[in-house]
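Visitor: In order, the protein sequences belong to chains A and B.
Sequential numbering of the first sequence, starting at 1, is according to the working numbering.
Sequential numbering of the second sequence, starting at 167, is according to the working numbering.
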Amino acid sequence: MVQINLNLVFTIINLLILYLLMKKFLFGPIIKVMDQRKAMIDQQFQTAKETEDKANELKQHYEDALKSAKEESWQIVEQAKQEAKARADQSAREAEARTEAMLAGAREDIRNERENAMKQMQSEIGRLAMEAAAKIMESERSSDKDLALYDQFIKKAGDSDDDNSH
Amino acid sequence: MAVLLVLSLVLVRNLKVENPGKKQLLLEAGVDFLRRFFRGILGEDGERYIPYMMTVVVYIGLANVSGIFGVKPPTKDLNVTLALAVMSMFLIEYSGIHKKGLKGFFRSFLDPIPVMLPMNIMEVLIRPTALCFRLFGNILGGFVVMALVEFVCPAALPVPFSLYFDFFDGFIQAYIFVFLTSMFMRETMD
Numbered sequence: 001m002v003q004i005n006l007n008l009v010f011t012i013i014n015l016l017i018l019y020l021l022m023k024k025f026l027f028g029p030i031i032k033v034m035d036q037r038k039a040m041i042d043q044q045f046q047t048a049k050e051t052e053d054k055a056n057e058l059k060q061h062y063e064d065a066l067k068s069a070k071e072e073s074w075q076i077v078e079q080a081k082q083e084a085k086a087r088a089d090q091s092a093r094e095a096e097a098r099t100e101a102m103l104a105g106a107r108e109d110i111r112n113e114r115e116n117a118m119k120q121m122q123s124e125i126g127r128l129a130m131e132a133a134a135k136i137m138e139s140e141r142s143s144d145k146d147l148a149l150y151d152q153f154i155k156k157a158g159d160s161d162d163d164n165s166h
Numbered sequence: 167m168a169v170l171l172v173l174s175l176v177l178v179r180n181l182k183v184e185n186p187g188k189k190q191l192l193l194e195a196g197v198d199f200l201r202r203f204f205r206g207i208l209g210e211d212g213e214r215y216i217p218y219m220m221t222v223v224v225y226i227g228l229a230n231v232s233g234i235f236g237v238k239p240p241t242k243d244l245n246v247t248l249a250l251a252v253m254s255m256f257l258i259e260y261s262g263i264h265k266k267g268l269k270g271f272f273r274s275f276l277d278p279i280p281v282m283l284p285m286n287i288m289e290v291l292i293r294p295t296a297l298c299f300r301l302f303g304n305i306l307g308g309f310v311v312m313a314l315v316e317f318v319c320p321a322a323l324p325v326p327f328s329l330y331f332d333f334f335d336g337f338i339q340a341y342i343f344v345f346l347t348s349m350f351m352r353e354t355m356d
């Protein structure tokens, strides 16, 4: 029963044929397909990673843009505020200056008025004195009259002085 | 063999890269399992021997199990196991020569010390002989026991025995055969 014969050689030949056939028809295609799938999956992972990186980059970009826009708007607002404040200050200053000027003008006017009044008053006094003198000259040289005239003059002058001093 | 060939032809038809069917998934899972198993033992250098090892494991497995269909298992014949062992022997030594070159291969007989030279030379023949007789003995023994059990009680009783001797023992022997062959190849290549 246990003997070595030609069957050994046949078995080896058959085994080799089987090996070649199996390699060609079974393992070859399967391994090829599996490798292909693996490559495909790897590639997909690669693509996904690339896409993610790109998206992150874009996001960063947009965030930066948003940030700069915010800053810019803040700057604009700040500038506008400053401008408004400056304008308000300026107008306030101008108004003050104008009031000041008006006040000064009014004071000047008042002073001029007063001076004018003084001058008028003085000339009036002078005229009165002249009139009084003329009247005295014209009238008789009675002492009574003179006295009365003086009195009258002094009274007038004093009255006017009093009026002026008020 | 014819069965294997037809089966593989049918199974390999319309393989797809995308959306594999159930059949293809099962096939791929099996092939991938075997492939990973052999790659684990053989390493990257042994990539090219993997299809042969897979062929052998499928062949021995199917041959051992064929007893269940009432056919005499081919591996019960010493010539078949011897043929397998001789192939293994050539493959083991070839892998060593291919990896190290002829000079390096012969020098490896002096490892680890020159005194081991006769042992190493004997090992070349002993390894396949052990492989051959292990497989042959197991299958023959199983076959004989099965014949006896069937002679004693042809109904019901042979079922558990058949499960053990034909399936379990058959696959275990196929596994051991290729496992040891791979191990020896790895050893020779290192």
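Ideal Cβ placement from N, Cα and C applies to all residues, glycine included.
1. Using the beta-carbon of each residue, which ones in chain B are nearer than 8 Å to residue 23 of chain A?
2. Is any heavy atom in the ligand ADP found nearer than 7 Å to the beta carbon of residue 60 of chain A?
3. List the residues of chain B that residue 4 of chain A touches, going by C-beta distances under 9 Å, in chain order.
4. Sorted by chain position, which residues of the same chain lie with C-beta nearer than 8 Å to residue 300 of chain B's C-beta, five sequence neighbours on each side aside?
5. Please confirm if residue 7 of chain A has its CB atom under 8 Å from at least one CB of chain B.
6. Between the stretch 249-262 of chain B and the stretch 305-319 of chain B, are three or more C-beta pairs nearer than 8 Å?
7. Look at residue 311 of chain B and residue 331 of chain B and say whether their C-beta atoms are less than 8 Å apart.
8. Can you tell me whether DSSP reads residue 5 of chain A as helix, strand or coil?
9. CA-CA distance, residue 41 of chain A and residue 28 of chain A?
10. Can you grab the Cα-Cα spacing for the pair residue 324 of chain B / residue 318 of chain B, in whole Å?
11. Using a Cβ-Cβ distance under 8 Å, would residue 193 of chain B count as near chain A?
12. Got a sec? Which residues, its chain only, sit under 8 Å from residue 277 of chain B by beta carbon, not counting five neighbours each side?
13. Helix or strand or just coil, what does DSSP make of residue 279 of chain B?
14. May I have the straight-line CA-CA distance separating residue 37 of chain A from residue 206 of chain B, to the nearest angstrom?
15. Comparing alpha-carbon positions, which option in B:258, B:225, B:200 lies nearest residue 216 of chain B?
16. Relative to the C-alpha of residue 248 of chain B, which residue among A:131, A:154, A:117, A:11 is closest?
17. Do residue 232 of chain B and residue 351 of chain B count as a contact pair if the criterion is CB distance below 8 Å?
18. Helix, strand or coil for residue 356 of chain B? Go by DSSP, reduced to three states.
19. Taking 8 Å as the cut-off, does the stretch 220-228 of chain B touch the stretch 13-30 of chain A (at least 3 CB pairs, one atom from each stretch)?
20. Let me confirm a value: residue 280 of chain B is counted as buried when at least 16 other C-beta atoms fall within 10 Å, else exposed. Which label applies?
21. Out of curiosity, what's the CA-to-CA distance linking residue 93 of chain A and residue 156 of chain A?
22. For residue 45 of chain A, would you say it is in contact with chain B, using Cβ-to-Cβ distances shorter than 8 Å as the test?
23. Check whether the Cβ atoms of residue 8 of chain A and residue 230 of chain B sit closer than 8 Å, and answer yes or no.
24. Would you tell me roughly how many angstroms separate the C-alpha atoms of residue 165 of chain A and residue 97 of chain A, rounded to the nearest one?
25. Near residue 353 of chain B, what residues of its chain come up, given a Cβ to Cβ distance below 7 Å and the 5 sequence neighbours on each side ignored?
26. Mind checking the stretch 308-329 of chain B against chain A and listing, in chain order, the residues whose C-beta falls within less than 7 Å of any C-beta there?
27. Is the CB of residue 255 of chain B under 8 Å away from at least one CB in chain A?
28. On the premise that residue 355 of chain B lies in contact with residue 212 of chain B, defined as a C-beta separation below 8 Å, what is that separation, rounded to the nearest angstrom?
29. Within the continuous alpha helix (DSSP H) that includes residue 256 of chain B, where are the two ends?
30. Going along chain B, which residues have a C-beta under 8 Å from residue 12 of chain A?
31. What residues of chain A sit near residue 341 of chain B, judged by a beta carbon separation below 9 Å?
32. Identify, in the order they occur along the chain, each residue of the same chain with its Cβ nearer than 7 Å to the Cβ of residue 243 of chain B, setting aside the five sequence neighbours on each side.
33. Taking Cβ-Cβ distances shorter than 8 Å, what residues in chain A pair up with residue 198 of chain B?
34. Hey, does residue 19 of chain A have any beta-carbon neighbour from chain B nearer than 8 Å?
35. Note down the Cα distance separating residue 18 of chain A from residue 257 of chain B, rounded to an integer number of angstroms.
Guide: Reading off the structure:
1. 217, 218, 221
2. Among the components modelled here there is no ligand, and therefore nothing to report on the ligand ADP.
3. 244, 245, 248
4. 339, 342, 343
5. yes
6. no
7. yes
8. coil
9. 20 Å
10. 9 Å
11. yes
12. 286
13. coil
14. 21 Å
15. B:200
16. A:11
17. no
18. coil
19. yes
20. exposed
21. 51 Å
22. no
23. no
24. Any reading at residue 165 of chain A must be qualified, since the residue scores a pLDDT of 48, below 50, and its modelled position is unreliable; no value is offered.
25. none
26. none
27. no
28. 7 Å
29. 244-273
30. 249, 252, 253
31. Within 9 Å Cβ-Cβ: nothing; residue 341 of chain B doesn't reach chain A, min ~18 Å.
32. none
33. 34
34. yes
35. 16 Å
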